[in-house]
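Trainee:
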Amino acid sequence: MKAAVSSQPGDTPGDLLADPLAGADPRPARPRPSIWKRLAANVSVVLGIILILLIALMGVAAPVITKDDPTAINPAGRNKGPGEEISYRNDDGKRVKKMVLMGTDTLGRDIFSRVVYGARVSLIVGILVAVTSVAIGLFIGLVSGYYRWLDSIVMRFMDGLMAIPSILLAIALVSLSGASLLAVIVAIAIPEIPRVVRLVRSIVLSIREEPYVEAAISVGTPTPKILYRHVLPNTIAPLIVQATYICGSAILLEAILSFLGVGIPPETPTWGNIMAEGRGMFQLLPHNILIPGAFLTLTVLAVNMLGDGLRDTLDPRMSKKL
Amino acid sequence: MWVYVARRIAAVIPVLLVVALIVFMMLRLTPGDPAAVIGGDSATTADIAQIRENLGLDKPMFSQFFIWIGNMLTGNFGESFFYKRPVATLIIDRIEPTLALAISTITLATLLAVPLGTLAAYRQGSWIDRGVMAFSVVSFSVPVFVTGYCLIWLLSVKLGWFPVQGYQNIAAGFGGFIHRLVLPTLALGTIYIALIARMTRTSVLEVLNEDYVRTARAKGLPEMKVVLGHALRNAAVPIVTVIGVGIALLIGGVVVTESVFNIPGLGRLTVDAVLARDYPTVQAVIMLFSVAYVLVNLVIDLLYTVLDPRIRY
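Heads up: the sequence lines are chains G and V, in that order. Taking my numbering, I'd label the letters of the first sequence as residues 1 to 322. Taking my numbering, I'd label the letters of the second sequence as residues 323 to 635.
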């Protein structure tokens with residue numbers, strides 16, 4: 001029997017797509033190679049990591065890759081297509097000509113530079129949302145899974161939180177606190193917390209029935225120590241997988257918020273902001289949306305591929321569950 | 323059975339109450355006078371006093387919550403200071419495009435994804451199987467608005483097959499209504515197709531290994547009957563479940579798609595209301611979408627018994 005919406009997995013693609021056949025290994029007898037070897041042998045893990053590292057490198061080395069200020073407005077060089085030449089006066093008053101690789105937007109800002117710097121915001125948001133929502137969800141899940149009296153109250157609240165579609169919840173939260181990087185991170189992290197809590201709680205509930213936990217209780221081990229020594233280690237592999245998927249959907253959600261105009265302030269170079277800026281001129285300059293869109297897609301794809309690969313190698317139980 | 327139905331319906335009430343509590347608390351936790359926040363920048367002192375009166379702000383928080391819920395149950399969602407109209411009529415005006423988009427997307431996705439997923443499972447490892455899998459991985463990473471703009475660029479700007487943006491009411495002509503609905507449906511449908519196709523593939527694959535499928539083949543049933551009558555029929559429960567779970571994706575997608583295609587629906591209303599800080603509208607729309615999500619999943623849960631007579635409660 002199913003309880004309310006509660007028994008539904010979240011709307012992260014990972015939970016919905018877990019392949020029930022993926023984890024079944026027909027050859028049980030052979031000793032398994034070490035975890036690092038198995039990860040290195042997984043194509044989607046390796047490909048995902050390489051792509052993520054390339055994008056991270058682009059963000060970190062942004063000032064080296066492009067000398068153009070991503071926020072500098074240039075009224076003379078507005079709305080240029082990719083590869084067009086613009087001329088402007090530099091600080092010394094000299095007239096310089098240069099080619100804009102990806103064109104400029106309606107304020108004359110260099111799209112290439114904005115795209116390169118945009119990688120920073122995407123990755124920061126993705127990583128911070130994943131870390132905070134997993135940390136908070138882990139704590140709530142451990143405590144509520146272990147203390148029965150707390151459990152029903154916490155889980156009813158989580159059910160309610162999960163019934164609100166995450167984009168709507170995030171939009172509403174940002175609108176209440178005003179647009180800033182921190183507000184966006186908090187607004188995206190909150191809808192993810194219940195999914196982590198559910199995952200952790202289900203692990204706690206199954207682990208606390210194990211004989212070694214019973215043994216620990218019977219010799220008088222204090223509860224915090226049981227949680228830390230016996231329960232916590234069992235949550236690590238599934239949480240790494242979950243964190244990766246959260247990272248991917250957070251990057252996507254940040255871009256959506258920025259695109260809708262309710263995210264990070266518009267002058268900040270983010271892929272969503274470049275696309276929002278490009279909406280008005282889309283028919284003439286479609287690359288203003290298509291280029292950052294391609295980078296965004298590639299990044300999310302890389303993160304999701306890493307997640308799929310990690311799920312298959314680290315956590316066969318999770319892939320069998322759905 | 324009826325006891326289960328009643329219990330299942332009753333279980334929805336606490337969930338909705340918690341949703342209402344969260345939406346209610348969101349506004350109360352922001353700094354400042356809620357009446358002033360709801361009234362907006364242009365509200366006069368008299369307006370604010372009126373709002374305070376309506377919401378019972380001088381009463382304790384507990385009663386305020388139930389006054390608010392009572393108002394909603396009687397169809398009073400408050401007044402939008404931005405549109406200068408009751409929120410309820412605002413929602414009624416905007417509901418048609420959203421419903422049209424949601425229904426066309428679910429229909430298209432189901433009609434396309436279930437056969438695709440079944441075929442992929444039936445021909446496991448073939449090019450069609452690999453194609454479906456690759457499509458589903460990629461679709462989950464392409465944001466709706468990027469798909470939308472790619473479609474506009476290719477099919478509207480370059481080929482001129484479809485209007486770039488806009489919506490036409492169904493009353494103004496069915497042809498034009500469908501014509502304008504094609505691109506948004508395709509954009510929004512992509513991720514949904516991926517989701518359903520993948521779930522169909524997985525569950526059909528599982529059923530195809532069952533003994534009764536082998537028996538059906540052994541007794542000489544035509545393959546068509548084996549796959550449709552035995553395999554797909556028994557794989558129906560997880561497929562329908564994922565369609566319901568995906569409603570959350572669909573609602574999120576509607577908000578974005580309506581902005582991309584300039585469709586005057588509820589999703590667009592949400593974004594406009596948030597940008598205008600029109601809180602009564604934001605609260606009402608969030609409640610409405612959440613109720614829709616919970617109710618769709620309730621219906622799906624109740625459908626299980628019809629789909630799979632083995633399930634007894």
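Glycine included, C-beta positions come from ideal geometry on N, C-alpha and C.
Could you check whether the segment 558-578 of chain V touches the segment 396-405 of chain V, counting it as contact only if at least three pairs of C-beta atoms, one from each stretch, sit closer than 8 angstroms?
Mentor: Not touching, per the Cβ criterion.
Trainee: For the alpha helix (DSSP H) containing residue 287(G), name the first residue and the last one.
Mentor: Your numbering for residue 287(G) matches position 287 in the first sequence. Here the alpha helix (DSSP H) through residue 287(G) covers 287-314.
Trainee: In chain order, what residues of the same chain lie with their CB nearer than 8 angstroms to the CB of residue 276(G), ignoring the 5 residues before and after it?
Mentor: Residue mapping note: residue 276(G) aligns to position 276 of the first sequence, counting from 1. Once the five neighbours on either side are set aside, the close Cβ partners of residue 276(G) are 258, 259, 260, 261, 266.
Trainee: CB-CB under 6 angstroms to residue 130(G), same chain, minus the five flanking residues each way: which ones, in chain order?
Mentor: Counting from 1 along the first sequence, the entry for residue 130(G) is found at position 130. Correct list, in chain order: 243, 246, 247.
Trainee: Is the separation between the beta-carbon of residue 431(V) and that of residue 515(V) shorter than 8 angstroms?
Mentor: As a working mapping, residue 431(V) is identified with position 109 in the second sequence. As a working mapping, residue 515(V) is identified with position 193 in the second sequence. Yes, the pair counts as a contact, with Cβ atoms nearer than the cut-off.
Trainee: If you drop the 5 nearest sequence neighbours on each side, which residues of the same chain put their C-beta closer than 8 angstroms to that of residue 213(G)?
Mentor: Your numbering for residue 213(G) matches position 213 in the first sequence. For residue 213(G), where only same-chain residues beyond five positions count, the Cβ hits under 8 angstroms are 207, 226, 230, 231.
Trainee: Once the 5 residues before and after residue 576(V) are set aside, which same chain residues still bring their CB inside 8 angstroms of it?
Mentor: Residue numbering aside, residue 576(V) sits at position 254 when the second sequence is read from its first letter. Closer than 8 angstroms at Cβ, skipping near neighbours: 420, 423, 424, 510, 587, 588, 589.
Trainee: Quick one: give me the first and last residue of the alpha helix (DSSP H) that residue 255(G) is part of.
Mentor: Here residue 255(G) is taken as the residue at index 255 of the first sequence, counted from 1. Segment 232-260, the alpha helix (DSSP H) holding residue 255(G).
Trainee: Give a yes or no on whether 8 angstroms exceeds the smallest Cβ distance from residue 546(V) to chain G.
Mentor: Here residue 546(V) refers to the residue found at position 224 of the second sequence. It does not: the Cβ of residue 546(V) has no partner Cβ on chain G nearer than 8 angstroms.
Trainee: Over what stretch of residues does the alpha helix (DSSP H) that includes residue 579(V) continue unbroken?
Mentor: Taking the second sequence and counting its residues from 1, one reaches residue 579(V) at position 257. Counting along the chain, the alpha helix (DSSP H) containing residue 579(V) begins and ends at 569-582.
Trainee: Report the three-state DSSP secondary structure of residue 279(G) (helix, strand or coil).
Mentor: Residue 279(G) sits at position 279 when you count from the first residue of the first sequence. Here residue 279(G) sits in coil by DSSP.
Trainee: Taking only the alpha-carbon atoms, compute the straight-line gap between residue 525(V) and residue 554(V) and give it to the nearest angstrom.
Mentor: Residue numbering aside, residue 525(V) sits at position 203 when the second sequence is read from its first letter. Residue numbering aside, residue 554(V) sits at position 232 when the second sequence is read from its first letter. Whole-angstrom Cα-Cα distance: 8 angstroms.
Trainee: Which one of 274(G), 150(G), 216(G), 148(G) has the shortest CA to CA distance from residue 105(G)?
Mentor: Against the first sequence, residue 105(G) aligns to sequence position 105. It is 274(G).
Trainee: Between the segment 38-72 of chain G and chain V, which residues of the former have CB atoms less than 7 angstroms from a CB of the latter, in chain order?
Mentor: Under the 7 angstroms Cβ criterion, the segment 38-72 of chain G contributes no residue.
Trainee: Would you call the segment 197-204 of chain G in contact with the segment 606-621 of chain V, where contact means no fewer than 3 C-beta pairs closer than 8 angstroms?
Mentor: Too few Cβ pairs lie closer than 8 angstroms, so no.
Trainee: May I ask which residues mark the beginning and end of the alpha helix (DSSP H) holding residue 205(G)?
Mentor: As a working mapping, residue 205(G) is identified with position 205 in the first sequence. Taken as a continuous stretch (DSSP letters only), the alpha helix (DSSP H) holding residue 205(G) covers 181-207.
Trainee: Report the residues of the segment 232-266 of chain G with a CB closer than 8 angstroms to any CB of chain V, ordered along the chain.
Mentor: Those would be 248, 252, 255, 256, 259, 260, 261, 262, in chain order.
Trainee: In whole angstroms, give me the CA-to-CA distance for residue 513(V) and residue 458(V).
Mentor: Within the second sequence, the letter at position 191 stands for residue 513(V). Within the second sequence, the letter at position 136 stands for residue 458(V). Their Cα atoms are separated by approximately 7 angstroms.
Trainee: Using only the alpha-carbon positions, how far apart do residue 535(V) and residue 545(V) sit?
Mentor: Taking the second sequence and counting its residues from 1, one reaches residue 535(V) at position 213. Taking the second sequence and counting its residues from 1, one reaches residue 545(V) at position 223. Near 10 angstroms, if we compare the C-alpha coordinates of residue 545(V) and residue 535(V).
Trainee: Quick check on the burial criterion: 16 or more other C-beta atoms within 10 angstroms. Buried or exposed for residue 64(G)?
Mentor: Within the first sequence, numbered from 1, the residue matching residue 64(G) stands at position 64. The residue is exposed, with fewer than 16 neighbouring Cβ atoms inside 10 Å.
Trainee: Buried or exposed for residue 605(V), going by 16 or more other Cβ atoms inside 10 Å?
Mentor: By 1-based counting over the second sequence, the position of residue 605(V) is 283. With 16 or more Cβ atoms within 10 Å of its Cβ, residue 605(V) is classed as buried.
Trainee: Would residue 21(G) count as contacting chain V if we go by Cβ distances under 8 angstroms?
Mentor: The count along the first sequence starts at 1 and reaches residue 21(G) at position 21. With a pLDDT of 49 at residue 21(G), under the threshold of 50, the predicted position of this residue should be treated as unreliable, though the coordinate-derived value follows. Yes - at least one Cβ of chain V is within 8 angstroms of the one on residue 21(G).
Trainee: Classify residue 548(V): buried if its beta carbon has 16 or more other beta carbons within 10 angstroms, exposed otherwise.
Mentor: The residue labelled residue 548(V) in the question sits at position 226 within the second sequence. Buried, because 16 or more other Cβ atoms sit within 10 Å of the Cβ of residue 548(V).
Trainee: Quick one: list the residues of chain G neighbouring residue 511(V), beta-carbon separation under 9 angstroms, in chain order.
Mentor: Stepping through the second sequence from its first residue, residue 511(V) is reached at position 189. Here the premise fails: no neighbours, minimum Cβ distance about 16 angstroms.
Trainee: What are the residues of the segment 137-170 of chain G that lie near chain V, defined by any Cβ-Cβ distance shorter than 7 angstroms?
Mentor: Taking 7 angstroms as the Cβ-Cβ cut-off against chain V, the residues of the segment 137-170 of chain G that qualify are 156, 157, 159, 160, 161, 163, 164, 165, 166, 167, 168.
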